[in-house]
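So the structure is just underneath, and the comments pick up after that.
There are 2 protein chains.
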Amino acid sequence: MAKVKKSPRPKAQTPKGFRDYFGTEVTERSEMLRAIAGVYHRYGFEALESSGVETVEALGKFLPDVDRPNEGVFAWQDEDENWMALRYDLTAPLARVYAEHRNDLPLPYRRFAMGPVWRNEKPGPGRYRQFYQCDADTVGAASVAADAEICAMLSDCLEVLGIPRGDYVVRVNNRKVLNGVLEAMGVSDDAQSADVLRTIDKFDKVGEAGVRELLGKGRLDASGAYIDGVGLAPEQAEPVVAFLTSKRDSNEATLDALRDAVGESQIGAEGVDELAEMASLLAAQGYGPDRIIIDPSVVRGLGYYTGPVFEAELTFEILDEKGRKRQFGSVAGGGRYDDLVKRFTGQVVPATGVSIGVDRLLAALREKGRIGGTEQGPVVVTVMDKARMADYQAMVAELRQAGIRAEVYLGNPKNFGNQLKYADKRLSPVAVIEGGDEKERGVVQIKDLILGAKLAENATLDEWKDRPSQYEVPRGDLVKKVQEILDLYA
Amino acid sequence: MAKVKKSPRPKAQTPKGFRDYFGTEVTERSEMLRAIAGVYHRYGFEALESSGVETVEALGKFLPDVDRPNEGVFAWQDEDENWMALRYDLTAPLARVYAEHRNDLPLPYRRFAMGPVWRNEKPGPGRYRQFYQCDADTVGAASVAADAEICAMLSDCLEVLGIPRGDYVVRVNNRKVLNGVLEAMGVSDDAQSADVLRTIDKFDKVGEAGVRELLGKGRLDASGAYIDGVGLAPEQAEPVVAFLTSKRDSNEATLDALRDAVGESQIGAEGVDELAEMASLLAAQGYGPDRIIIDPSVVRGLGYYTGPVFEAELTFEILDEKGRKRQFGSVAGGGRYDDLVKRFTGQVVPATGVSIGVDRLLAALREKGRIGGTEQGPVVVTVMDKARMADYQAMVAELRQAGIRAEVYLGNPKNFGNQLKYADKRLSPVAVIEGGDEKERGVVQIKDLILGAKLAENATLDEWKDRPSQYEVPRGDLVKKVQEILDLYA
Chain A
27 MAKVKKSPRP KAQTPKGFRD YFGTEVTERS EMLRAIAGVY HRYGFEALES SGVETVEALG
87 KFLPDVDRPN EGVFAWQDED ENWMALRYDL TAPLARVYAE HRNDLPLPYR RFAMGPVWRN
147 EKPGPGRYRQ FYQCDADTVG AASVAADAEI CAMLSDCLEV LGIPRGDYVV RVNNRKVLNG
207 VLEAMGVSDD AQSADVLRTI DKFDKVGEAG VRELLGKGRL DASGAYIDGV GLAPEQAEPV
267 VAFLTSKRDS NEATLDALRD AVGESQIGAE GVDELAEMAS LLAAQGYGPD RIIIDPSVVR
327 GLGYYTGPVF EAELTFEILD EKGRKRQFGS VAGGGRYDDL VKRFTGQVVP ATGVSIGVDR
387 LLAALREKGR IGGTEQGPVV VTVMDKARMA DYQAMVAELR QAGIRAEVYL GNPKNFGNQL
447 KYADKRLSPV AVIEGGDEKE RGVVQIKDLI LGAKLAENAT LDEWKDRPSQ YEVPRGDLVK
507 KVQEILDLYA
Chain B
27 MAKVKKSPRP KAQTPKGFRD YFGTEVTERS EMLRAIAGVY HRYGFEALES SGVETVEALG
87 KFLPDVDRPN EGVFAWQDED ENWMALRYDL TAPLARVYAE HRNDLPLPYR RFAMGPVWRN
147 EKPGPGRYRQ FYQCDADTVG AASVAADAEI CAMLSDCLEV LGIPRGDYVV RVNNRKVLNG
207 VLEAMGVSDD AQSADVLRTI DKFDKVGEAG VRELLGKGRL DASGAYIDGV GLAPEQAEPV
267 VAFLTSKRDS NEATLDALRD AVGESQIGAE GVDELAEMAS LLAAQGYGPD RIIIDPSVVR
327 GLGYYTGPVF EAELTFEILD EKGRKRQFGS VAGGGRYDDL VKRFTGQVVP ATGVSIGVDR
387 LLAALREKGR IGGTEQGPVV VTVMDKARMA DYQAMVAELR QAGIRAEVYL GNPKNFGNQL
447 KYADKRLSPV AVIEGGDEKE RGVVQIKDLI LGAKLAENAT LDEWKDRPSQ YEVPRGDLVK
507 KVQEILDLYA
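For the record, the sequence lines run as chains A and B. Everything in the first sequence is counted per my numbering, starting at 27 for the first residue and increasing by one. Everything in the second sequence is counted per my numbering, starting at 27 for the first residue and increasing by one.
This is the structure in structure tokens:
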């Protein structure tokens, strides 16, 4: 199978675009996934874990944000010449699972899934070829009550993770409204619709005037390049601009503006009705516009989804790599996609769901200092006499049995300085020392390393200087004294 | 890249050898991993998560239980023609990570890792091509104190998972003792050593007499085939047989028997000393032979490891697929492997570790009925009037805010029977009903579905028949009454 390049020594590095996660990077992520799973579960969703590998034919070409076919996927042939690939998201496997097991699954089927996905794309800063997704989807429910429920659940998830109300917002839009806008414009040609969609996507950057130019003859962009326009008549641009600028202070006013934008279009009216129904269902559950709002500027994903579309955004500011303030932006998104299962079964099965970008969310919480970073290390029992390793092991066993994280120094014990350096690197709060003299007298030395570090930093520190940083206690009081020191810093 | 076979409809199935996990299969595994991670952490181990994909050259050919080179691995070429592969275990990536980050990592480095690994092998019953591993390793500690610590930790893990003392045992052996036995036999040739190792591996099946035959001229096996022997003189077999049968009632007696088996061999004596030291370190921590024993019959992995080898076995009996009693067998194994990092750096770095087979362990606990199987489903709020969906959403929101798992029925509400069938399939304990009449009177109907099912099963059931299975309560008491019913079955 694989032909290995002969080389005297392999390079110790990850493949390009992959990375390792250490310590709290791992544990903070699993705590986050666990918290989200708790919310999903409370909403009646069931866990599903499919494998990382699928047949290429089952995965299909459904990568939401690309036009490319099998590009973007890691794929290979198995021994029977069948193509297999690593999943690129958790939605394509859901469609396969649902089609395969539909006779055994409840209908509607609410499921959640979390795990790594892989993309064979050019890696960039902060962009890796393996990352986590954390999805919840409802398959088999046509009602927008299912979409509303997912928006409420997304809001609950963010709050459970420690993002207070006001620091986030879930924005909701609807693809049918856009279809209505296209109808009102008199655009029915697929290629032209796609051009209009692409233009709408640029609204953020080019603004209202820019969108008018791009829908018409074209536009000179900032770099001096001329961008060809879609070639519509000026009045045809009106419904799009009305749509993009229809956001008002209240949901009711926004809905009115949208009704104007879609004009006589029936599909457009349906979209606005769906938005209105979602708003009223959410209000009934207590999710007002302080958490979930109708916002026609949500365009990401409008090309992929078929009905409601939603996006969660963090609204607090962070500093970017150049020290400039910016909003953190989107951390989750989703919507209704009614055609995914059809590929397998021929039947249209309505489905809606959300994907939370846990890695982005972790990055946001870290930048805000809301989660840990460093964690206190274990208590280190030093080794003064190699021959008495059993004594040290007994100490560490006692500490662990009391629920205290602890370890014996297992490197070469000859140089005691190295042991303290090791404790330092491990961010240990406490070191335990028992030399021959202590052993004889039935005592141990317990060093408060946190205080020790503070004293070393600033020896004249008044508030600390009278506190001892090392204690001699009877061997029998080891656990008690260590616990006492840990409690000081808990 | 991947050439997709054109077909009108893709097959909805996993690739051969892969499977999906549903509901409690997923949550029970993550609870198990979490519990094990807690023990690993208390012992001072740090989490590490590397990606599923490595370069083929970094992975190397270290699959412990096969002689095959790159077979057994899923591999492909990336756009730069470099070979990448899915990891087949968590040890090879550890070696790469340690070599890559050694300047930043503490020494010794204790790390744990858990996640899926992939093997491109023939799938069989209960044998999948993706499965979980859950490892802890100490890199950079030459002392057998590190091995002893891992055995103690393994014992703690099993007990934390609800396997009581007596239902498991951790068996310890040492590769150096075997090397001593080979020396005592006068076998120094590598090929012959490998033959002897293979014979030892068959001890379980062929017994003492069989081993003597296989080391000598050969043996007629049960199927009538003649298996060629290693061709040693009869007296050369003595040390091997002495080694394999050296297990005694106490560790001390076993150690004495092993000393006899290795004769004058220095490496053999070293191995016996290491076993003795591990036993004494473990005894000092309170891990006696009721949990961890020296057992020379542990031969699995002896070819791969370089020093201590250990294996955890469940000793309780289960029924196999044919209803016969058998012991469940091994659920974890590990040992010392000192050469893994050397491939990258040229330096020998001592390392030791353990891998817990979580999927096997889950299977064992399920067979013993020690973990769940089925879980109670959510409370289902039924939909009597589609136009009043907001009312039902409000109910479900109240229930969730009280911490109760609940959902609204999101299928087509027309047929009420379907809603109750759905609740049944979901294993719902309670259904909530609010028709127009109830709405008017400000009440809701709450159905105790567990009691309902019991009554349906046996209508004359005396102890139940006087208990109502449906209650009418004021709408304001919804949460209180549902909680009351749930408490009955908690």
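Note that CB positions come from ideal geometry on N, CA and C, so glycine has one too. Just so it is clear, the structure is predicted and the values come from calculations on it, not from any experiment.
Residues of the region 304 to 324 of chain B whose Cβ lies closer than 9 angstroms to any Cβ of chain A, in chain order: S306, L307, L308, A309, A310, Q311, G312, Y313
C-beta atoms of V79 of chain B and R155 of chain A nearer than 9 angstroms: As a position in the second sequence, residue 79 of chain B is number 53, starting the count at 1. As a position in the first sequence, residue 155 of chain A is number 129, starting the count at 1. Contact flag set, yes.
Starting from M140 of chain A and walking both ways along the beta strand (DSSP E), at which residues does that stretch end? In the first sequence, residue 140 of chain A corresponds to position 114, counting from 1. Secondary structure note for M140 of chain A: its beta strand (DSSP E) is the uninterrupted segment 135 to 144.
Taking C-alpha atoms, which residue in B:F229, B:V470, B:R350 lies nearest to V409 of chain B? Taking the first residue of the second sequence as position 1, residue 409 of chain B is located at position 383. Looking at the Cα atoms, B:V470 is the closest of the given residues.
Figure out for me which residue from B:Y114, B:S56, B:K148, B:V52 has the closest Cα to the Cα of K42 of chain B. Here the question's residue 42 of chain B lines up with position 16 in the second sequence. Comparing Cα positions, the closest option is B:K148.
Residues, ordered as in the chain, of the region 335 to 367 of chain A that lie near chain B by beta-carbon distance below 8 angstroms: none
I'd like to know whether the C-beta of Y69 of chain A is nearer than 9 angstroms to at least one C-beta of chain B. Mapped onto the first sequence, residue 69 of chain A falls at position 43. It does: the Cβ of Y69 of chain A has a partner Cβ on chain B nearer than 9 angstroms.
Does the beta-carbon of R362 of chain A have 16 or more other beta-carbons within 10 angstroms, so that it is buried, or is it exposed? Residue numbering aside, residue 362 of chain A sits at position 336 when the first sequence is read from its first letter. The residue in question, R362 of chain A, is buried, as its Cβ has 16 or more Cβ neighbours within 10 Å.
Using a C-beta cutoff of 9 angstroms, does N277 of chain A count as contacting chain B? Taking the first residue of the first sequence as 1, we reach residue 277 of chain A at position 251. Judged by the 9 angstroms Cβ criterion, N277 of chain A is not in contact with chain B.
For A235 of chain B, which residues from the same chain have a beta carbon less than 7 angstroms from its beta carbon, with the 5 sequence-adjacent residues on both sides left out? On the second sequence, residue 235 of chain B is found 209 positions in, with the first residue counted as 1. So the list is empty, once near-sequence residues are dropped.
Taking the straight line between their C-alpha atoms, what separation do you get for D227 of chain A and V325 of chain A? Reading the first sequence from its first residue, position 201 is the one you call residue 227 of chain A. Reading the first sequence from its first residue, position 299 is the one you call residue 325 of chain A. Computed Cα separation, rounded: 6 angstroms.
Contacts of F442 of chain A in chain B (Cβ-Cβ under 8 angstroms): Position 416 of the first sequence holds residue 442 of chain A. Correct list: empty, because the minimum Cβ distance to chain B is about 15 angstroms.
Nonlocal neighbours in the same chain, by C-beta distance under 6 angstroms from G403 of chain A, ignoring five residues either side: Within the first sequence, numbered from 1, the residue matching residue 403 of chain A stands at position 377. Answer for G403 of chain A: R452, L453, S454, listed in chain order.
Is there a C-beta anywhere in chain A that falls below 9 angstroms from the one on S381 of chain B? Taking the second sequence and counting its residues from 1, the one referred to as residue 381 of chain B is at position 355. With 9 angstroms as the cut-off, S381 of chain B does not count as an interface residue toward chain A.
Using 9 angstroms as the limit for Cβ to Cβ distance, is D522 of chain B near chain A? The question about residue 522 of chain B has no answer here: the residues shown for chain B are numbered 27 through 516.
Pick out whichever of B:L180, B:P151, B:G49, B:Y114 has its Cα sitting closest to the Cα of Y69 of chain B. Here residue 69 of chain B refers to the residue found at position 43 of the second sequence. Measuring from the Cα of Y69 of chain B, the nearest candidate turns out to be B:L180.
Closer than 7 angstroms by C-beta to V534 of chain B: which residues in its own chain qualify, once you throw out the five before and the five after it? Chain order, please. Within the shown structure, residues of chain B are numbered from 27 to 516, placing residue 534 of chain B beyond reach of any answer.
Below 7 angstroms between beta carbons is the criterion; list the residues of the region 148 to 161 of chain B that meet it against any residue of chain A, in chain order. Q156
How many whole angstroms separate the CB atoms of Y114 of chain A and V143 of chain A, which I take to be in contact at a CB cut-off of 8 angstroms? Your numbering for residue 114 of chain A matches position 88 in the first sequence. Your numbering for residue 143 of chain A matches position 117 in the first sequence. The C-beta separation of Y114 of chain A from V143 of chain A comes to about 6 angstroms, placing the pair in contact by the 8 angstroms criterion.
Delimiting residues of the beta strand (DSSP E) encompassing Y252 of chain B: Here residue 252 of chain B corresponds to residue number 226 of the second sequence, with the count starting at 1. Its beta strand (DSSP E) spans residues 252 to 254.
Using a Cβ-Cβ cutoff of 9 angstroms, what residues of the region 99 to 114 of chain B are near chain A? List them in chain order. V99, F100, A101, W102, Q103, D104, E105, D106, N108, W109, M110, A111, L112
Which residues in chain A have a C-beta closer than 7 angstroms to the C-beta of A171 of chain B? List them in chain order. Locating residue 171 of chain B in the second sequence gives position 145, counting from the first residue. The answer, in chain order, is M415, Q419, V434, L436.
Compare the beta carbon distance of C160 of chain A and I62 of chain A with 9 angstroms and say whether it is the shorter of the two. Start at 1 with the first residue of the first sequence, and residue 160 of chain A comes out as number 134. Start at 1 with the first residue of the first sequence, and residue 62 of chain A comes out as number 36. Yes; because the gap between Cβ atoms is below 9 angstroms, this pair is in contact.
Can you tell me which of the three DSSP states M110 of chain B falls into? Residue numbering aside, residue 110 of chain B sits at position 84 when the second sequence is read from its first letter. In this structure, M110 of chain B counts as strand in the three-state DSSP scheme.
With 9 angstroms as the threshold, decide whether the Cβ of D299 of chain B is near any Cβ in chain C. Absence of chain C from the displayed structure is noted, the protein chains being A and B.
What separation, rounded to the nearest whole angstrom, lies between the Cα atoms of S306 of chain A and L425 of chain B? For the purposes of this step, residue 306 of chain A is taken as residue 280 along the first sequence, with counting starting at 1. For the purposes of this step, residue 425 of chain B is taken as residue 399 along the second sequence, with counting starting at 1. If you take the alpha carbons of S306 of chain A and L425 of chain B, they lie about 19 angstroms apart.
Quick one: is R60 of chain A buried, meaning 16 or more other Cβ sit within 10 Å of its Cβ, or exposed? Numbered from 1 along the first sequence, position 34 holds the residue referred to as residue 60 of chain A. Exposed, since its Cβ has fewer than 16 Cβ neighbours within 10 Å.
Is the Cβ-Cβ distance between D46 of chain B and S272 of chain A less than 9 angstroms? On the second sequence, position 20 is the one that residue 46 of chain B refers to. On the first sequence, position 246 is the one that residue 272 of chain A refers to. Not a contact, by the Cβ cut-off of 9 angstroms.
Suppose the cutoff is 8 angstroms on Cβ atoms and the five residues either side in sequence are ignored; what does the same chain contact list for W102 of chain A look like? Start at 1 with the first residue of the first sequence, and residue 102 of chain A comes out as number 76. Closer than 8 angstroms at the Cβ level, and outside the excluded window around W102 of chain A, lie W109, M110, A111.
Can you check whether the C-beta of G403 of chain B is within less than 9 angstroms of a C-beta belonging to chain A? Reading the second sequence from its first residue, position 377 is the one you call residue 403 of chain B. Closer than 9 angstroms to some Cβ of chain A, the Cβ of G403 of chain B qualifies, so yes.
Close-in-space but distant-in-sequence residues of the same chain around D215 of chain B (CB under 8 angstroms, 5 per side omitted): Walking along the second sequence from the start, residue 215 of chain B turns up at place 189. Excluding residues within five positions, none has a Cβ falling inside 8 angstroms.
Determine the DSSP secondary structure at P34 of chain B, reduced to helix, strand or coil. For the purposes of this step, residue 34 of chain B is taken as residue 8 along the second sequence, with counting starting at 1. Coil at P34 of chain B, not helix or strand.
Mind pulling the chain A residues with CB within less than 9 angstroms of L74 of chain B? Reading the second sequence from its first residue, position 48 is the one you call residue 74 of chain B. Residues of chain A passing the Cβ test: D46, Y47, F48, G49, V52.
Chain-ordered neighbours of T81 of chain A on chain B, where CB pairs are closer than 7 angstroms: Taking the first sequence and counting its residues from 1, one reaches residue 81 of chain A at position 55. Here the neighbours are P41.
Quick check: is the beta carbon of S291 of chain B nearer than 9 angstroms to any beta carbon in chain A? For the purposes of this step, residue 291 of chain B is taken as the residue at position 265 of the second sequence. No, because no Cβ of chain A sits closer than 9 angstroms to the Cβ of S291 of chain B.
Going by DSSP, what residue range makes up the beta strand (DSSP E) through F157 of chain B? Mapped onto the second sequence, residue 157 of chain B falls at position 131. Run containing F157 of chain B: 156 to 165, per the beta strand (DSSP E) assignment.
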